[in-house]
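A.B. asks: I'd like to ask you about the structure that follows.
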Amino acid sequence: AWSLEATAAELLSILNLPKREPMPSFHLTVTQQKDKQYHLRAACSLNGETSTTMDISSLQTLIPHACKALEETQVLPPSLEELPKMLHNLLLPPRIAVHLGVARERAQQRRQRRRWGLPLLLDLSAAEELVEWPWELMCDEYNFLGMEPHVPLVRVLDAPHADGDRHLSRPLSLLIVSSEPKGLEGLNVKSEVTKLKKALRWMGRYHYQYDWVQSGSWERVQAALIEKRPNAVHFIGHGSVNPVNGMGELIFCDSDGYPDPISARELGLLFKDHGIELLFLNACSSAQVVGNQPGAAVAVSLLKQGIPNVLAMQYAIEDEAAVLLTETFYKELSFDKSFAEALARARMALYAKWRDKLTWATPVLYIS
Numbered sequence: 218a219w220s221l222e223a224t225a226a227e228l229l230s231i232l233n234l235p236k237r238e239p240m241p242s243f244h245l246t247v248t249q250q251k252d253k254q255y256h257l258r259a260a261c262s263l264n265g266e267t268s269t270t271m272d273i274s275s276l277q278t279l280i281p282h283a284c285k286a287l288e289e290t291q292v293l294p295p296s297l298e299e300l301p302k303m304l305h306n307l308l309l310p311p312r313i314a315v316h317l318g319v320a321r322e323r324a325q326q327r328r329q330r331r332r333w334g335l336p337l338l339l340d341l342s343a344a345e346e347l348v349e350w351p352w353e354l355m356c357d358e359y360n361f362l363g364m365e366p367h368v369p370l371v372r373v374l375d376a377p378h379a380d381g382d383r384h385l386s387r388p389l390s391l392l393i394v395s396s397e398p399k400g401l402e403g404l405n406v407k408s409e410v411t412k413l414k415k416a417l418r419w420m421g422r423y424h425y426q427y428d429w430v431q432s433g434s435w436e437r438v439q440a441a442l443i444e445k446r447p448n449a450v451h452f453i454g455h456g457s458v459n460p461v462n463g464m465g466e467l468i469f470c471d472s473d474g475y476p477d478p479i480s481a482r483e484l485g486l487l488f489k490d491h492g493i494e495l496l497f498l499n500a501c502s503s504a505q506v507v508g509n510q511p512g513a514a515v516a517v518s519l520l521k522q523g524i525p526n527v528l529a530m531q532y533a534i535e536d537e538a539a540v541l542l543t544e545t546f547y548k549e550l551s552f553d554k555s556f557a558e559a560l561a562r563a564r565m566a567l568y569a570k571w572r573d574k575l576t577w578a579t580p581v582l583y584i585s
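Here it is, written out as structure tokens:
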């Protein structure tokens, strides 16, 4: 059917616009030196590098309470209301903050057609204890960095020269995988898929295609990956952390429709070597770290096994929020926003809907 929005998107897509140059990135690398002492190194092509140290002792005992509150209620108790500013001051002390400010000013001066950005790439590969900390909550005097579209916070794994300005290749071939095993809480899958498809229309009819695997089992997903050769996968379902070994899991369906937990390590076997550019895991706890084992989290494990960009959930996420996140994220991608900027704007949509909660801090983007 003819669609005004789709036709407008097609006209925009065929304009002979200049080739987009990648934006610079601001790399912030944290390395453990002693028990509670860490080295901070900030580097950017616009203004070189600088470094300093940080001591986590003032916050170390607060983080477990904060993570528990975010998981259970998505609200920080009064005793932790200052945590966002404390995180900001810890990771961006004066020397680093000034360096970031200079880089940001120079990035603005280089803007192209109103477009500018300076992704903040946080590399905690050599500071595993800090991976579970909710850095997305960082807030200066005015703004949460997690909702800053021009300086979006992205987590990096073992990639000192990573480019934070990453976009989906066109045409998009998206594989949607939904898993609703018997006996588990139902999800509003139909609504999420409907809004996802509507968001994709902004790309224009010749710039995307999608396939949907329902009641996702290992065999069905594997067959679809081989047959459809998608460059992005969107998973809708449940996630969990194995209470015995702390390994993250996604809950697939077995041949009879009952829960079939697939570990983070096994998921790597399933998804790697298929040319997937983006894996969006809209499942609770799909980026959750337990017991200082970041490699056991589904998102981190998939990154280590070759998936270059993984968007996942640090905590539980309500169904309505998951749908809004999906709708906004893919609509922003349709307008050629980077993964990082699209997520920042999706977080803004979550904040607008639930201003009394920290739901917006649940999704996290990892790149390698």
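Counting from 1 along the sequence shown, just add 217 to a position and that's the residue number in our numbering.
Note that the Cβ used here is the ideal one computed from N, Cα and C, for glycine as well.
Taking the alpha carbon of Lys251 as the reference point, which residue from Met303, Thr270, Glu397 has its own alpha carbon closest?
C.D. replies: Measuring from the Cα of Lys251, the nearest candidate turns out to be Thr270.
A.B. asks: Across which residues does DSSP place Phe497 in a beta bridge pair?
C.D. replies: BP columns for Phe497 point to His451, Leu528.
A.B. asks: Between which residues of its own chain and Pro239 is the CB-CB distance below 6 angstroms, once the five residues before and five after are set aside?
C.D. replies: Excluding positions up to five away in sequence, the list reads Asp380, Asp382.
A.B. asks: Can you list the beta strand (DSSP E) stretches of 3 or more residues lying completely in the region 324-408, in chain order?
C.D. replies: For the region 324-408, whole beta strand (DSSP E) runs of length 3 or above, ordered along the chain, are 337-343, 370-373, 389-395.
A.B. asks: Which residue from Asn499, Ala538, Val247, Phe552 puts its Cα closest to that of Arg372?
C.D. replies: Nearest C-alpha to Arg372: Val247.
A.B. asks: Assuming Val430 is part of the beta strand (DSSP E), what are its boundary residues?
C.D. replies: That run of the beta strand (DSSP E) goes 425-430.
A.B. asks: Roughly how many angstroms lie between the CA atoms of Thr278 and Cys470, to the nearest whole one?
C.D. replies: Taking the straight line joining both Cα atoms gives about 39 angstroms.
A.B. asks: Figure out for me which residue from His282, Val315, Val292, Gln510 has the closest Cα to the Cα of Ser342.
C.D. replies: Per the Cα distances, Gln510.
A.B. asks: In the DSSP assignment, find the unbroken beta strand (DSSP E) run with Thr267 in it and report its ends.
C.D. replies: Its beta strand (DSSP E) spans residues 265-272.
A.B. asks: Quick one: is Asp340 buried, meaning 16 or more other Cβ sit within 10 Å of its Cβ, or exposed?
C.D. replies: When all chains shown are included, Asp340 counts as buried.
A.B. asks: With three or more beta-carbon pairs closer than 8 angstroms as the criterion, would you say the region 354-369 touches the region 417-435?
C.D. replies: In short, these stretches do not touch, since the Cβ pair count stays below three.
A.B. asks: With distance defined between alpha-carbon atoms, name the residue in Phe452, Asn459, Leu550 nearest to Phe488.
C.D. replies: Cα-wise, what sits closest to Phe488 is Phe452.
A.B. asks: Could you give the residue range of the beta strand (DSSP E) that holds Ser480?
C.D. replies: Here the beta strand (DSSP E) through Ser480 covers 476-480.
A.B. asks: Just to confirm, are Leu370 and Leu401 a CB contact at a threshold of 8 angstroms?
C.D. replies: Cβ atoms of Leu370 and Leu401: not closer than 8 angstroms.
A.B. asks: For His384 and Glu483, I'd like the C-alpha separation in whole angstroms.
C.D. replies: Each residue's alpha carbon lies about 27 angstroms from the other.
A.B. asks: Quick check: the region 389-397 against the region 508-528, are at least 3 beta-carbon pairs closer than 8 angstroms?
C.D. replies: Touching, no.
A.B. asks: Does DSSP classify Glu594 as helix, strand or coil?
C.D. replies: For the chain, the structure presents residues 218 to 585; residue 594 sits outside this window and is missing.
A.B. asks: DSSP three-state label for Val410, please.
C.D. replies: Of the three classes helix, strand and coil, the one that applies to Val410 here is helix, per DSSP.
A.B. asks: Closest to Ile280 by C-alpha separation, out of Trp350, Ala563, Pro447, would be which residue?
C.D. replies: Of the listed residues, the one whose Cα sits closest to Ile280 is Trp350.
A.B. asks: What distance in whole Å lies between the Cβ atoms of Leu467 and Val515, which are believed to be in contact at a cut-off of 8 angstroms?
C.D. replies: Correct: roughly 6 angstroms between the Cβ atoms.
A.B. asks: Gln249 and Asp272 - do their beta-carbons sit closer together than 8 angstroms?
C.D. replies: No, these two residues do not count as a Cβ contact at 8 angstroms.
A.B. asks: What residues in its chain sit with their C-beta under 8 angstroms from that of Ala344, if we drop five residues either side in the sequence?
C.D. replies: Cβ neighbours of Ala344 beyond the five flanking positions: Val247, Thr248, Gln249, Tyr255.
A.B. asks: Can you grab the Cα-Cα spacing for the pair Glu549 / Gln522, in whole Å?
C.D. replies: Near 27 angstroms, if we compare the C-alpha coordinates of Gln522 and Glu549.
A.B. asks: Please report how far the alpha carbon of His455 lies from the alpha carbon of Ser390, in whole angstroms.
C.D. replies: Answer to the nearest angstrom: the Cα atoms are 23 angstroms apart.
A.B. asks: The alpha helix (DSSP H) spanning Thr543 covers which residue range?
C.D. replies: It spans 536-551 - the alpha helix (DSSP H) in which Thr543 sits, taken as one unbroken run.
A.B. asks: Nearest to Lys399 by CA position, among Val410, Tyr475, Ile479, is which residue?
C.D. replies: Nearest option by C-alpha distance: Tyr475.
A.B. asks: Can you tell me the Cβ-Cβ gap for Thr576 and Gln531, rounded? I've got them flagged as a contact below 8 angstroms.
C.D. replies: Incorrect: roughly 11 angstroms between the Cβ atoms, too far for contact.
A.B. asks: With three or more C-beta pairs closer than 8 angstroms as the rule, is the region 488-499 touching the region 422-434?
C.D. replies: No: the two stretches stay apart, fewer than three of their Cβ pairs being nearer than 8 angstroms.
A.B. asks: So, is Gln505 buried or exposed, given that buried needs 16 or more other C-beta atoms within 10 angstroms?
C.D. replies: With 16 or more other Cβ atoms within 10 Å, it is buried.
A.B. asks: Go ahead and pull the three-state DSSP assignment for Arg572.
C.D. replies: Here Arg572 sits in coil by DSSP.
A.B. asks: The beta strand (DSSP E) spanning Leu245 covers which residue range?
C.D. replies: Counting along the chain, the beta strand (DSSP E) containing Leu245 begins and ends at 243-249.
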